[in-house]
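These notes are about the structure you will find just below.
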């Protein structure tokens, strides 16, 4: 068992204890991990999102991007890196960050967890996910997560809902130019809306306000 799997196993126990079991649909859309790695592109609405995703796909290993500010603590940074988390400047992702993401997929045999909106304060899809697909030649799995939005809801055992959608497949015959990348971003945004509706036809997410 790797450090990642050990850590997620503990989190899975704690989440089941305090929040209960998540409601999950579309798990059949997850590709065979023995055949290839893939990009897990999810909505971002709470602090818990990457943890719910890691638990839902345990023991599958996922390398997550996370905001660089949490790496300022050297002890926490060391733990995060052991769990395959790497930093990103969410406002201006650097070419180096993109290279790390692609390397995780192509050389380190890790699946990539990414939140295309960048933060829970917006629903706007930012460029980057489609570009990583272009470089890594990997499929994108769209995911909608409807989590408890605060600690009170979490401990009151509000059920987290997760939907995995059909893959946005890498097509070697396409010219992944600027126009095509924008089309993939739009397809991803539409997939999020569809998956949200499948989980809850009345669901509407209002982005949190920065304090």
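Numbering (the numbering used here), first residue to last: -18 to 192.
Using N, Cα and C, we set each Cβ at its ideal position, and we do this for glycine too.
CA nearest to the CA of residue i, picked from the options
i	options	result
residue 87	96, 58, 120 and 63	120
residue 167	116, 109 and 31	109
residue 111	177, 158, -10 and 31	158
residue -12	51, 3, 185 and 41	41
residue 90	5, 36, 81 and 138	81
residue 100	73, 116 and 138	73
residue 92	137, 144 and 16	16
residue 44	54, 53 and 78	78
residue 37	53, 5 and 181	5
residue 24	182, 58 and 171	171
residue -8	174, 186 and 35	35
residue 7	180, 186, 118 and 62	180
residue 104	-4, 21, 185 and -10	185
residue 139	22, 21, 29 and -10	29
Where residue i falls: helix, strand or coil (DSSP)
i	result
residue 43	strand
residue 21	strand
residue 127	strand
residue 184	coil
residue 0	coil
residue 145	strand
residue 158	coil
residue 68	strand
residue 92	strand
residue 113	helix
residue 5	strand
residue 36	helix
residue 122	strand
residue 48	strand
residue 171	helix
Proximity of residue i and residue j at Cβ, strictly below 7 Å
i	j	result
residue 33	residue 128	yes
residue 177	residue 141	no
residue 164	residue 102	no
residue 169	residue 161	no
residue 13	residue 135	no
residue 147	residue 94	no
residue 65	residue -15	yes
residue 10	residue 145	yes
residue 113	residue 19	no
residue 83	residue 130	no
residue 143	residue 3	yes
Buried versus exposed, by CB contacts within 10 Å (16 or more), residue i
i	result
residue 26	buried
residue 76	exposed
residue 56	exposed
residue -18	exposed
residue 50	exposed
residue 98	buried
residue 60	exposed
residue -6	exposed
residue 132	exposed
residue 106	buried
residue -2	exposed
Check your understanding: Is the region 135 to 151 touching the region 68 to 84 in the sense that three or more CB pairs, one from each, lie closer than 8 Å?
Key -> Flag = no, the region 68 to 84 and the region 135 to 151 do not touch.
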